[in-house]
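S.K.: Residue numbers (my numbering): 17 to 170.
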């Protein structure tokens, strides 16, 4: 129960931050300070500050990147965090407005299913990654990092 209370505190800190739609061809992932000053960013930006808060509280979690494909084209991407608390898993969602909140999930597959349904996608690919390694990256650099360093899940 203590982990869930901490997760809710972290979520409450960031739940009012804005999702700021951006042109990915010119985008750089924000530093934690920049994200805090601007009170928002895209889903990629939410991950590092939330992960940092979880690490500071010694809370086990993983950061995920999921790519949604239809007709052999990437139509959407999303990053999110799942916290492990014994046999419970909590999805912290601040950027995907429709699903904003802290939800119990069984695994990243639950989020893949939601993305697949929402986008009527053909394929979903997910990797686990370290958000500290991508701060300041352009979209191309971020994708390159994910392809080289991300741990693909099946």
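Every residue, glycine too, gets a C-beta built ideally from N, C-alpha and C.
Does the region 99 to 114 come into contact with the region 162 to 169, if we say contact requires no fewer than three beta-carbon pairs (one atom in each stretch) closer than 8 Å?
M.R.: Judged by Cβ distances under 8 Å, the region 99 to 114 makes no contact with the region 162 to 169, as fewer than three pairs qualify.
S.K.: How far does the alpha helix (DSSP H) with residue 258 in it extend, from its first residue to its last?
M.R.: Lying outside 17 to 170, the shown extent of the chain, residue 258 is not represented and no answer is given.
S.K.: CA-CA distance, residue 17 and residue 24?
M.R.: Position 1 of the chain shown, counted from the first residue, corresponds to residue 17. Position 8 of the chain shown, counted from the first residue, corresponds to residue 24. Those two C-alpha atoms are separated by around 11 Å.
S.K.: Suppose only complete runs of 4+ residues qualify. What are the alpha helix (DSSP H) ranges in the region 81 to 162, listed by chain order?
M.R.: Taking only runs of at least 4 residues, the alpha helix (DSSP H) segments lying wholly in the region 81 to 162 are 124 to 135.
S.K.: Run the CB neighbour count on residue 19, radius 10 Å, all protein chains shown included, and call it buried at 16 or more, exposed below.
M.R.: Taking the chain shown and counting its residues from 1, one reaches residue 19 at position 3. When all chains shown are included, residue 19 counts as buried.
S.K.: Residue 57: which of 134, 73 and 38 sits nearest, CA to CA?
M.R.: In the chain shown, residue 57 corresponds to position 41, counting from 1. Considering only alpha carbons, the answer is 38.
S.K.: Taking the straight line between their C-alpha atoms, what separation do you get for residue 128 and residue 53?
M.R.: Here residue 128 refers to the residue found at position 112 when the chain shown is read from its first residue. Here residue 53 refers to the residue found at position 37 when the chain shown is read from its first residue. So the alpha carbons of these two residues sit roughly 31 Å apart.
S.K.: Just to check my reading of the structure: residue 144 and residue 161 have Cβ atoms closer than 8 Å, yes? What is that Cβ distance to the nearest angstrom?
M.R.: Counting from 1 along the chain shown, the entry for residue 144 is found at position 128. Counting from 1 along the chain shown, the entry for residue 161 is found at position 145. Contact doesn't hold; Cβ gap of about 12 Å is too wide.
S.K.: Buried or exposed, going by whether 16 or more other CB atoms sit within 10 Å of the CB of residue 55?
M.R.: As a first step, residue 55 is located in the chain shown; it is residue number 39 there, counting from the start. By the neighbour-count rule (16 or more Cβ atoms within 10 Å), residue 55 is not buried but exposed.
S.K.: In the structure shown, what three-state DSSP assignment does residue 55 receive?
M.R.: On the chain shown, position 39 is the one that residue 55 refers to. Looking at residue 55 - three-state DSSP - the assignment turns out to be coil, as it is neither helix nor strand.
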